Each structure stands twice: as structure tokens, then as C-alpha cells.
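Chemist: When we follow my numbering, the leftmost residue of the sequence shown carries the number 2, and every step to the right adds one.
Every residue gets a Cβ at the ideal spot worked out from N, C-alpha and C, and that includes glycine.
Bear in mind that the values here come from a model prediction, so they are computed numbers and not experimental data.
Structure provided below as C-alpha cells; questions to follow.
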Amino acid sequence: MSDGGKAHPLLRGAPYFLFFIFYWVTEALFVPYLGLYFEMRGMNSVQIGMLNSLFYVVTILSAMTIGYFADKTRRPRLTVSVCFSCIILVIVYMSRANTLPHLAAAYALYGYFVVSCCDLVDKLLLEQLGDDTRYFGLFRVGSPLGYSGGAILAGLLIPRLGVTSLFPICMVFAALCVAMALMMKESSGVRKKSRAHVPVKQLFTNWQSAYIYGTMVLWGFSEAGALSYFAVYMSDRGFSTEYTSILITIAMVGQTVAFSLMPAIQPVLSPKTMVMLGFIAFSGRILSLALVGLAQFPFFLVAVFHFIGGSAQALILTPITLMIGRNFSQEVSSTAQTMKTVASKGIGSSTGAFLYGWLYSQLPARGVMVLFTCLIFGFGIVSRLGGRWIDAHIQHAARQDISRCI
């Protein structure tokens, strides 16, 4: 084994940690404020909902083709580098787009190239960690740190220079993502072939797949449905972008704490219990948005609910990613990881964003937030009950196999 392989996981994983920081700075600068950019270009709420839905639908094609390509070539590291190189060009295109067809094309291309990259880096990170998966959450701390930094930067730039000032900054951080990807290592456990076999059938014959990807559909619906209009919602209620950025930062602090505590949480809570608590925590965050601005619900309570709700990403993503790593072989691991994006963004988020956009144009904004609060809380209960049913089914099948052998 090389000296690099003998190094402590936290040392040899520096490029992964930095990639998550740069990736989420880019996301925080770009995606949350595109609604404002689209409004500036003359789009109404229904058109913005269509653009958001298109972005998430494209992720289905992206995750399936890019994940499969990475498995087929056994080159996930190179795949990430090429995708982020293309993202730089797409951001230039988006900055010059001013009509619905061009905005749609630019957003679709951005979605195609960006959404699978984090999943592929998850796969590469798990390979580097090996049996030390308890460290996964510590590396993922880079995600909320990056998002918080991006949100703060956006809050400073937008009031002074406008939304378009974010584009060149995004390009810089996208270039840094390319550099970090090139520094990562690929597993030597699977022999690289020019046309390797990818056993995609595994994804549809494993009972845990139903829970894993079903949960990600519900999470994508919850997250995109409530947060894709976050900046627009806060602006319509008279709050500044600085206030919005503060709330995002508080949520990211909560997420940072949750990821940091994962080594202590994982031995105590089962994966499916963590997922349920993630949905419940997120429903509280959305409830605080419904109540923001009311005299009976001061900023302190909004901040507390955002801090707790920020833990949802860690509580849901960590167990789901590790379950994928345990349940699927290395030959299909890239596709298995990117399929969670098909479920969350491609199916769940596209549905949630479009439904929220339509409801936002038909109902009072606070009422929509209350409705989504109830739905998300219910999703947590459904995910736990569904997980118990699948576990019982797997145990029953195992007992039948044992009895047949006897």
C-alpha cells in the first residue's frame, strides 16, 4: 500500500472536503437567487416554476447517463472534472440569456452537468474511507460551510452590485471544483476496461432500493417545493436579501453541527430513525417561514427553527449515502449514487417546485408554507413506517431461505 493510502482518512481526504466547500459556494451563489434573476428578465411565477421544474426533470437524464458513463469507463474523477468545465461555459451562457427559451436552455444545461457531481464525489470519498465510514459526515461539513459562505457573499453582493454580479464569482469556484476533482483518487479495486459491464439490474432487484430512492423522492419534493421560492417569498414579504442570507446561514450552521456530530449519532440512532427525524426537523423550519414576521413569532424563534431544521440534510443524506454504499456492488456504485439524484431532484424536486409555483400563484403565501409543513411532517412518518415494512419483508424472506436450506 502506498504511503498516501496509509495516511489518516482525514488527511488524505482534503480534496474531497475542499470540493464540497467550492461546490456548495457555487450552488449558494447561483441557484437560490436565480428566481430573482428570472424575475429581472421578466418571468412571472408560473414561468419560474416551469424553469425550476425543467431543471429538475433534466436531472433524471443527467444522473442516469453521467452515473452510467462513470461506471462504464471507471473514471468518475475525470467525469466530475469534465462536467464542471462545462458548467463554467454554461454560466457564461446564462449571464447573457434574456428570453424564456434561452433561460430554459441554460438552466437545463446547468442542471445536466452539475447535479451528478456531488454524488460521484460521495462515491469516491466512500472508496477512500473504506471501513472508516464514520468520518463521512465530517467531510460533508464542507457542504454547509460552503453554502454558508456563498449565502453571506450573495447577501453582500446583490444589494450593491445586483444579481448578475454573482456569475463571475460562480465561475471562479467552478474552476476550483475542477482542480479539486483532478486531485482525487479512484479505486484500484475494480479493473478499468474501455467497456466495462455495469449491472444496473441490481438497482431494481434490491428491496432496500425502494426505501432508499422512495425516501429521496420525498426529500426532493420537500426541499425544492419549499426552498426553490425562498428568496422570492422573503422578498414578497418585505424582507431584505441580507435577512434571507442570515436565515440561510443559520440553517447551514445547524447542518454543520449535525454533520460534525454524525460519528456520535450513528451508533445511537438507526438510519431510518435518522431519516424520520430529518423530515420532522425540516418541517419545523418551513413552519417558521410561514410564521416569520408575526409579532407572536420573533426572530429568535425563527432562528432556532432554522438551526434545528438545517440538520435535516445531514440526518437524511448521511444514512442514505452509506446505505447505497453497503447495498450495491462497486461495478454499479456510481450509478447507484447518482440515482438518488434522479429520485430527489429529477422526480421529487421537479414535482415539488412546480406544485409550489402553481400554489404560490393561487393561494396566500403563508398558507402554502403551512400546507408544505404538514406534508413534510407526514413524509417523515411515512418514511419510518415504510422502512419498517421493508425490513420486516427482508427478514421474512431471509427466514424462508434458511428454512428451505434446512
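Three or more C-beta pairs closer than 8 Å, one from the segment 335-352 and one from the segment 106-121: is that the case here?
Modeler: Yes, the segment 335-352 is in contact with the segment 106-121.
Chemist: Just to confirm, are residue 34 and residue 164 a CB contact at a threshold of 7 Å?
Modeler: Position 33 of the sequence shown, counting from 1, holds the residue named residue 34. Position 163 of the sequence shown, counting from 1, holds the residue named residue 164. Yes, they are a contact pair.
Chemist: Locate the alpha helix (DSSP H) running through residue 123, then write down its first and last residues.
Modeler: The residue given as residue 123 occupies position 122 in the sequence shown. Where residue 123 is concerned, the enclosing alpha helix (DSSP H) stretches over 118-130.
Chemist: Which residues in the same chain as residue 403 place their Cβ atom closer than 7 Å to its Cβ, once the five residues preceding and following it in sequence are excluded?
Modeler: As a first step, residue 403 is located in the sequence shown; it is residue number 402 there, counting from the start. Around residue 403: no qualifying Cβ.
Chemist: Taking 7 Å as the threshold (C-beta atoms), are residue 319 and residue 138 in contact?
Modeler: Walking along the sequence shown from the start, residue 138 turns up at place 137. Walking along the sequence shown from the start, residue 319 turns up at place 318. Yes, Cβ-Cβ distance for residue 138 and residue 319 is below 7 Å.
Chemist: Using 10 angstroms around the beta-carbon of residue 53, count the other beta-carbons present and answer buried if the total reaches 16, otherwise exposed.
Modeler: Translated into positions along the sequence shown, residue 53 becomes position 52. Buried, because 16 or more other Cβ atoms sit within 10 Å of the Cβ of residue 53.
Chemist: Helix, strand or coil for residue 218? Go by DSSP, reduced to three states.
Modeler: Against the sequence shown, residue 218 aligns to sequence position 217. The answer is helix: DSSP assigns residue 218 an H, G or I state.
Chemist: Only counting the same chain, and skipping five residues up and downstream in sequence, which positions put a Cβ closer than 6 Å to that of residue 148?
Modeler: Here the question's residue 148 lines up with position 147 in the sequence shown. So the qualifying residues of the chain are 25, 29, 253.
Chemist: So what does DSSP say about residue 72, is it helix, strand or coil?
Modeler: As a first step, residue 72 must be located in the sequence shown, where it is residue number 71. If DSSP states are grouped into helix, strand and coil, residue 72 belongs with the helices.
Chemist: Given this structure, state the Cα-to-Cα distance separating residue 96 from residue 61, to the nearest angstrom.
Modeler: Start at 1 with the first residue of the sequence shown, and residue 96 comes out as number 95. Start at 1 with the first residue of the sequence shown, and residue 61 comes out as number 60. Going from the Cα of residue 96 to the Cα of residue 61 covers about 25 Å.
Chemist: Does DSSP classify residue 45 as helix, strand or coil?
Modeler: Within the sequence shown, residue 45 is the residue found at index 44, counting from 1. Residue state, collapsed to three classes: coil.
Chemist: Leaving aside the five residues before and after residue 185 along the sequence, list all residues of the same chain whose C-beta is less than 6 Å from its C-beta, in chain order.
Modeler: As a first step, residue 185 must be located in the sequence shown, where it is residue number 184. So the list reads 16, 78, 125, once near-sequence residues are dropped.
Chemist: Measure the CB-CB distance between residue 156 and residue 246 and report whether it falls below 7 Å.
Modeler: Here residue 156 is taken as the residue at index 155 of the sequence shown, counted from 1. Here residue 246 is taken as the residue at index 245 of the sequence shown, counted from 1. Yes. Within cutoff.
Chemist: For the alpha helix (DSSP H) that contains residue 277, what are its first and last residues?
Modeler: Along the sequence shown, read from residue 1 onward, the residue named residue 277 stands at position 276. Element bounds for residue 277: 272-292.
Chemist: Grab me the residues of residue 278's own chain with a C-beta within less than 6 Å of its C-beta, minus the 5 sequence neighbours each way, in chain order.
Modeler: Looking up residue 278 in the sequence shown gives position 277. Cβ neighbours of residue 278 beyond the five flanking positions: 316.
Chemist: Can the beta-carbon of residue 276 be found closer than 7 Å to that of residue 384?
Modeler: Counting from 1 along the sequence shown, the entry for residue 276 is found at position 275. Counting from 1 along the sequence shown, the entry for residue 384 is found at position 383. It is a contact, given that the beta carbons lie within the stated cut-off.
Chemist: Report the option in 132, 151, 160 whose CA atom is closest to the CA atom of residue 173.
Modeler: As a first step, residue 173 must be located in the sequence shown, where it is residue number 172. Residue 151 is the option with its Cα nearest to residue 173.
Chemist: If you drop the 5 nearest sequence neighbours on each side, which residues of the same chain put their C-beta closer than 7 Å to that of residue 99?
Modeler: Start at 1 with the first residue of the sequence shown, and residue 99 comes out as number 98. Closer than 7 Å at the Cβ level, and outside the excluded window around residue 99, lie 42.
Chemist: Taking one C-beta from the segment 358-374 and one from the segment 225-235 each time, how about it: are there three or more such pairs within less than 8 Å?
Modeler: The segment 358-374, when compared against the segment 225-235, does touch it at the 8 Å Cβ threshold.
Chemist: What residue range does the alpha helix (DSSP H) around residue 151 cover?
Modeler: Walking along the sequence shown from the start, residue 151 turns up at place 150. Unbroken alpha helix (DSSP H) run through residue 151: 143-162.
Chemist: Please state whether DSSP places residue 100 in a helix, a strand or coil.
Modeler: Against the sequence shown, residue 100 aligns to sequence position 99. DSSP places residue 100 in coil when its eight states are reduced to three.
Chemist: For the segment 206-266, which segments carrying the alpha helix (DSSP H) assignment without a break, of at least 4 residues, lie completely within its bounds, in sequence order?
Modeler: The segment 206-266 contains these whole alpha helix (DSSP H) runs: 208-228, 231-237, 242-261, 263-266.
Chemist: Evaluate residue 134 with the Cβ neighbour count: other Cβ atoms within 10 Å of its Cβ, from every protein chain shown; 16 or more gives buried, anything less gives exposed.
Modeler: Counting from one through the sequence shown, the residue named residue 134 turns up at place 133. Answer is buried; the Cβ neighbour count reaches 16.
Chemist: Please go through the same chain and pick out, in chain order, the residues whose beta-carbon is closer than 7 Å to the beta-carbon of residue 105, but skip the five residues on each side of it.
Modeler: Indexing the sequence shown from 1 puts residue 105 at position 104. Closer than 7 Å at Cβ, skipping near neighbours: 52, 55.
Chemist: Please report the distance separating the alpha-carbon of residue 323 from that of residue 296.
Modeler: Locating residue 323 in the sequence shown gives position 322, counting from the first residue. Locating residue 296 in the sequence shown gives position 295, counting from the first residue. Approximately 43 Å between the Cα atoms of the pair.
Chemist: For residue 394, count the other beta carbons within 10 Å of its own beta carbon; 16 or more makes it buried, fewer makes it exposed. Which is it?
Modeler: Within the sequence shown, numbered from 1, the residue matching residue 394 stands at position 393. Exposed, because fewer than 16 other Cβ atoms sit within 10 Å of the Cβ of residue 394.
Chemist: Do you know how far the Cα of residue 187 is from the Cα of residue 129?
Modeler: Locating residue 129 in the sequence shown gives position 128, counting from the first residue. Locating residue 187 in the sequence shown gives position 186, counting from the first residue. Using only the alpha carbons, I get a separation of about 8 Å.
Chemist: Roughly how far, in whole angstroms, is the beta-carbon of residue 116 from the beta-carbon of residue 346, given that I think they are within contact range, below 8 Å?
Modeler: Numbered from 1 along the sequence shown, position 115 holds the residue referred to as residue 116. Numbered from 1 along the sequence shown, position 345 holds the residue referred to as residue 346. That belief holds up - the Cβ atoms of residue 116 and residue 346 are roughly 6 Å apart, short of 8 Å.
Chemist: Can you find the residues in the same chain that come closer than 6 Å, C-beta to C-beta, to residue 313, ignoring five residues on each side of it along the sequence?
Modeler: Numbered from its first residue, the sequence shown carries residue 313 at position 312. The answer, listed in chain order, is 279, 282, 283.
Chemist: For the alpha helix (DSSP H) that contains residue 353, what are its first and last residues?
Modeler: For the purposes of this step, residue 353 is identified with residue 352 of the sequence shown, where counting begins at 1. Residues 351-363.
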